[in-house]
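Here the structure is laid out as structure tokens; the discussion comes afterwards.
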Amino acid sequence: MALRIVVADATHMQYTQSVCDLIRITSQQKGSGIVNRSLEYIAEKIKSGKSVIALDNDRAVGFSYIETWSHGMFVANSGLVVDLDYRYSGLARRIKKNIFMLSRKLYPKAKIFSITTGLAVMKINSDLGFVPVTFSELTRDIEFWKGCEGCKNFDILQRNDYKICLCTGLMFDPEKPRRPKMNRILIIPQKLPWRFIFERPIIFVKHLLRRQRLLRKRNALRKQIEQNNNNLTP
Ligand SMILES: CC(C)(COP(=O)(O)OP(=O)(O)OC[C@H]1O[C@@H](n2cnc3c(N)ncnc32)[C@H](O)[C@@H]1OP(=O)(O)O)[C@@H](O)C(=O)NCCC(=O)NCCS
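The sequence shown begins at 1 in my numbering and counts up by one.
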């Protein structure tokens, strides 16, 4: 299996029909969180370089695209789909990472968001630094919410004045990058006064060892975060 994930452009127009078929078939599956899109819509996303395709040799097996709202202030990573035969192998995670990096490259100042009912997308986005938000934090652009018209829960959204629905909103704000939780709990204790060496030597040594251990852990964590950030830098 020679799987590759590429940023689609005009040279990938031959995949438009198969991507459309993939989206259509998936949207008809029970529990699917994806809305059907027209051939023209997908063709435009491919041609304009605002989508990524997963290709197994010459077969399109995954897709996701970028939509912009509120004059580019918001970017949505939408339409994530993976062919049934290729699921549970980390492909969606790879596609999401690629579309996220592409969004950061094309719109570095935009807030990036998704709405989903799916655990897979929640997990993936959360690992990329997205945080859950209420719908009030998302774009108010009516065109975005029109995209929900094909969803079977659209009446719920309408009844709630576009403020509440079954989906969870997830947002990456470039101005407020999320600090990983573990970083916050690694609070290194202050040094004990030197007199403890003589008065309470065992406590002093234990304290010293604990401090060393936590410092090592914190440094390792910092390195890991830096590495993750470097990987995500478009
Ligand atoms: C959702 C979808 C894209 C996931 O694709 P995938 O390639 O199987 O996902 P991955 O293998 O990258 O899995 C990523 C994580 O999600 C989990 N996951 C995948 N599918 C899941 C599911 N149906 N339910 C719960 N968790 C799921 C995986 O276990 C993995 O978690 P881990 O890394 O903690 O082990 C795919 O099932 C699909 O195309 N569904 C229909 C369309 C859809 O609902 N798209 C989402 C629109 S918001």
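The beta carbon of each residue, even a glycine, is placed where N, CA and C say it ideally should be.
Option in the options with minimal Cα separation from residue i
i: Gly118; options: Lys30, Asn36 and Lys111; result: Lys30
i: Val81; options: Val75, Arg216 and Gly90; result: Gly90
i: Ser18; options: Ile5, Ile34 and Leu55; result: Leu55
i: Asp9; options: Arg216, Ile46, Leu215 and Phe135; result: Ile46
i: Ser70; options: Ser48, Asp85 and Phe113; result: Phe113
i: Leu84; options: Thr68, Ser103 and Phe63; result: Phe63
i: Met171; options: Thr134, Ile23, Arg195 and Arg216; result: Thr134
i: Ala76; options: Ala2, Lys217, Ser103 and Ala120; result: Ser103
i: Gly33; options: Met73, Arg195, Thr168 and Thr139; result: Thr168
i: Tyr107; options: Asp21, Ile66 and Lys96; result: Ile66
i: Ile99; options: Arg222, Ile5 and Ala60; result: Ile5
i: Asp161; options: Met13, Ile142, Lys123 and Lys152; result: Ile142
i: Gly49; options: Thr11, Asp58, Asn57 and Asn36; result: Thr11
Which residues DSSP lists as bridging residue i, in chain order
i: Ser78; result: Tyr65
i: Pro132; result: Leu170
i: Asp56; result: Leu3 and Arg59
i: Ser51; result: Tyr65
Proximity test, residue i beta-carbon vs ligand 1 heavy atom, cut-off 7 Å
i: Ser32; result: yes
i: Ile53; result: no
i: Ser126; result: no
i: Val121; result: yes
i: Val82; result: yes
i: Arg24; result: no
i: Leu138; result: no
i: Tyr88; result: yes
i: Arg200; result: no
i: Arg93; result: yes
i: Thr116; result: yes
First through last residue of the beta strand (DSSP E) which encompasses residue i
i: Val7; result: Leu3 to Val7
i: Ile164; result: Looking at the DSSP string, Ile164 is not in any beta strand (DSSP E), and its letter there is neither H nor E.
i: Ile112; result: Lys111 to Thr116
Limits of the alpha helix (DSSP H) - the one that residue i falls within
i: Arg93; result: Leu91 to Leu106
i: Asp21; result: Thr16 to Gln28
i: Ile197; result: Phe196 to Glu199
### Task
Scan the stretch 136-162 and note each continuous alpha helix (DSSP H) run of 4 residues or more that stays entirely inside, going in chain order.
142-146 and 154-159
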